[in-house]
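Note sheet for the following structure.
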Amino acid sequence: MVKLSLSPEAILSELTCLPGKSNYYIAYSGGLDSTVLLHLLSLIKQTEKINLTAIHVNHGISHNADKWQKHCTDICLEFGVTLISEKISIESNNGEGLEARARKLRYQVFKKYLLPGDVLVTAHHQDDLIETMIFNLLRGSGPAGLSGIPRSRRLNNSWIIRPMLGFSRMDIEQYAKDKNLIWVDDESNDQTTQDRNYIRHNILPVILNRWPSANKTLARVARHQSELVSLLENIASDDLSGIIDSKDNSLDCRKLTIYNKPRIKNMLRFWIKNSNFDIPSEIILENILNEVIYASNDRQPHLKWIDTEIRRYKNRLYIMKSANETDFTVDYRWDLKAPLEINHRLLKAESVKGRGLRQNLIGKNGVEVRFRQGGEKIKPVGRNETHDLKKLLQEVEVPPWIRTTIPLIYLDGQLAVVVGYWVEASCSASGNEPGWDITYGQPYFRETRNENI
C-alpha cells in the first residue's frame, strides 16, 4: 500500500470517514503541528466549501501566551479562517497535574462551541502516538493505553478526528518548510522534567537510532491493541447485558460476582468508561472489587478517587460524581424546548401522547426545577392517595445519596414530576393529550486523560 504524502487530499480522505456534512473546528495552538493542519484545512475550505473555525485557548502559563494569541489571530486572518480565542485560568486540583487540568479546561472550551454532529480536528501525528504508547507502557497500562491515540472518537454528540496520525513529525516539518509557514515554539516543549518531553528528546531518538523503522512497528502494535480493546469491549457489553439496569445505570453485584476477577475488571472498565468517567488505575480497580463488591452484605461500602465515587446499596453498584463536586441547592426555570444542563447532565423533554406532564398546563414561564429539601408530597398516577416523596423513594429502594439528585418539576408551586419516577395524577396527560416525557441523562463531561489530548 502506497503511503499518501501530506496534502489536502490526504487530510480530506480522513475527514470523509466521518458520517454526514459538518462544521469543522481546529484546535489551534499556533505551534508547528496545528499550523500545518490549519494550512491544509484552509486549502480544503477553498475547494470543498467546508465551514471551518479555529479555536485558540490561551492557558496563560507562559509569559509568551498573549503573543501567541496575537500570532494566531494574524495567521487566521492570512488564511481566511475565523478564529475564536479564549483565555482560561488553570489551578491544579483534586490531585490533577497542571497538564491534565489544562487539557480538561481546554476541552471545556471546545465543547462550548461544538454542536451535535460538529467535528473537532486536532494535529496529533505518528510521533505523538508512539510517545503516548511508550508513556503508557511505562505507567503499566493495558491494551487501551497501548493502543495510543484513536484516529477518531465521539465527544458527547460531536466528533474528534486526528487526520495526521499517519504522518511523522518529519513529514510535518518538511511540509512547513516547503510552504514557508510561520509558527511559534512553546518553550515548555524542551523541558525534559516533563515525562512526555523526556520520552521525545531522550528515549525515542535512541530507539530510532537502533531500530529506524520503530515508528512504523510501534504504530502496528497500536493497531493490534486497538483491535483487542474493541474485542474486550464487545465481550464486556455482552456480559453486562443481564447485569446493568438501564434506568439508573447500576450493576447487580450478585450476577457480577458469578464471573472471575479478570472478567469483572473488564466489565468495570467498560461500565466506568461508558458512564463518562475516567477509568481508574489497577490499584483502584482492585479496591473496588475487594472493598466494595466483595464487602459483607451488612455494609454499604463506597470508594472515591479524584472526583468520582462508586457505592454499593442493596447489592447494586452505582457510579456518580462526588457529592462535593455537585450543587443541588440551585433552582432553575425551564421552558422544556431545549435540554437544560444541570451538574454536567442534561434534563430533556420529549413530546409524547397520553402520558407524561400535560403540555397545556405549561405557560410562557415554563416550569421550575428544584431538588429535594424535605417534606415534598405527590399523588402519582395510578395511586389513590397523596404520599410523602420520602416514603415513595424508600418504597422503590432509591439509594439515599441519589434521592437528593433527582430533579423535581414544579408547576405554580405544585410538585408535578419526580423525574424518572412519578407524574402527579392531576398533571398527567391521558388519551390523545400531548405530554412531556422528561429524562435526566448520565454525566457527559469526562475526557479520557491518557490520550495525550
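Quick note: the sequence shown uses our numbering, first residue 7, plus one each step.
No residue lacks a Cβ here, since even glycine has one placed at the ideal position from N, Cα and C.
For clarity, every value in this text was computed on a predicted model and none was experimentally measured.
Continuous beta strand (DSSP E) stretch holding Leu421: start and end: Unbroken beta strand (DSSP E) run through Leu421: 420-424.
Since Leu43 is in the beta strand (DSSP E), which residue starts that stretch and which ends it? Here Leu43 belongs to no beta strand (DSSP E); instead the alpha helix (DSSP H) covers 38-54.
Sub-8 Å separation of Leu363 and Trp428 beta-carbons: In this structure, Trp428 does not lie closer than 8 Å to Leu363 by Cβ.
Cβ-based burial, Asn240 [other Cβ within 10 Å; buried from 16]: With fewer than 16 Cβ atoms within 10 Å of its Cβ, Asn240 is classed as exposed.
In three-state terms, what does DSSP make of Arg432? Here residue 432 is Ser; the residue named in the question, Arg, does not match the sequence. In the structure shown, Ser432 sits in a helix (DSSP, three-state: H, G or I).
Does the beta-carbon distance from Ile290 to Trp277 come in below 8 Å? Annotated as distal: Ile290 and Trp277, with beta-carbon spacing of 8 Å or more.
Give the secondary structure of Val336 by DSSP, where H, G and I count as helix, E and B as strand, and everything else as coil. Residue state, collapsed to three classes: coil.
Hey, is the region 147-164 in contact with the region 199-208, meaning 3+ C-beta pairs nearer than 8 Å? Touching, no.
For Ile285, which residues in the same chain have their Cβ closer than 6 Å to its Cβ, ignoring the five residues on either side in sequence? Cβ neighbours of Ile285 within its own chain (closer than 6 Å, five residues either side excluded): Arg275, Ile278, Lys279.
So if DSSP puts Val3 in a beta bridge, which residue, or which two residues, is it bridged to? Nothing in the structure corresponds to residue 3, since the chain is present only between 7 and 459.
For the candidate residues Gly419, Gln365, Leu21, whose alpha-carbon lies nearest to that of Ala129? For the residues Gly419, Gln365, Leu21, the minimum Cα distance to Ala129 belongs to Leu21.
How many angstroms separate the CA atom of Arg378 from the CA atom of Ile412? The C-alpha of Arg378 lies about 8 Å from the C-alpha of Ile412.
Taking contact to mean 3 or more Cβ pairs, one atom from each stretch, closer than 8 Å, check whether the region 106-116 and the region 147-155 are in contact. Taking 8 Å as the limit for Cβ pairs, the verdict is that the region 147-155 does not touch the region 106-116.
Distance CB(Leu47)-CB(Leu38) smaller than 8 Å: In this structure, Leu38 does not lie closer than 8 Å to Leu47 by Cβ.
Can you check DSSP and say which residues form a bridge with Leu309? In the DSSP output, where bridge partners are listed per residue, Leu309 has Ile316.
Exposure of Lys343, with buried meaning 16 or more beta-carbon neighbours within 10 Å: Counting Cβ neighbours within 10 Å, Lys343 comes out exposed, since fewer than 16 surround it.
Run of the alpha helix (DSSP H) containing Lys117, from where it starts to where it stops: Segment 104-119, the alpha helix (DSSP H) holding Lys117.
According to DSSP, what are the bridge partners of Tyr265? As DSSP reads the structure, Tyr265 sits in no beta bridge.
Boundaries (first-last residue) of the beta strand (DSSP E) holding Asp192: Segment: none, Asp192 is in no beta strand (DSSP E) and carries neither H nor E.
Going by DSSP, which residues form a beta bridge with Ala71? BP columns for Ala71 are empty, so no partner.
Output needed for Cys433: all residues of its chain with C-beta closer than 7 Å, excluding positions within five of it in sequence on either side, in chain order. Result list for Cys433: Leu363, Arg364, Leu367, Leu417, Ala422, in chain order.
Tell me which same chain residues have a C-beta within less than 8 Å of the C-beta of Ile270, skipping the five on either side of it? Leu262, Thr263, Leu295, Ile299, listed in sequence order.
Thr88 - partner residues in DSSP beta bridges: Answer is Thr59, bridged to Thr88.
Whole alpha helix (DSSP H) runs in the region 224-292 with 4 or more residues, listed along the chain? Taken in chain order, the complete alpha helix (DSSP H) segments of 4 residues or longer contained in the region 224-292 are 259-262, 267-280.
Would you give the residue range spanned by the alpha helix (DSSP H) that Gly151 belongs to? Taken as a continuous stretch (DSSP letters only), the alpha helix (DSSP H) holding Gly151 covers 149-152.
Minimum C-alpha distance to Gln132 - residue among Asn142, Ser236, Arg168: Out of Asn142, Ser236, Arg168, Arg168 has the C-alpha closest to the C-alpha of Gln132.
Measure the C-alpha to C-alpha separation of Pro405 and Tyr319 and round it to an integer number of angstroms. Whole-angstrom Cα-Cα distance: 6 Å.
Quick check: Asp258 and Arg322, are their CB atoms within less than 8 Å of each other? Cβ atoms of Asp258 and Arg322: closer than 8 Å.
Buried or exposed: which applies to Lys327, given that a residue is buried once 16 or more other Cβ atoms fall within 10 Å of its Cβ? So Lys327 ends up on the buried side.
How far does the alpha helix (DSSP H) with Ile408 in it reach, from first residue to last? Looking at the DSSP string, the run of the alpha helix (DSSP H) that includes Ile408 is 406-409.
Is the beta carbon of Ser219 closer than 8 Å to that of Val125? It is not a contact, given that the beta carbons lie outside the stated cut-off.
Who are Ile325's beta bridge partners in DSSP? Per the DSSP secondary-structure output, Ile325 pairs in a beta bridge with Ile316.
With 16 as the cutoff for other CB atoms within 10 Å, does Asn303 come out buried or exposed? Exposed is the call here.
In chain order, what residues of the same chain lie with their CB nearer than 6 Å to the CB of Glu356, ignoring the 5 residues before and after it? Asp443.
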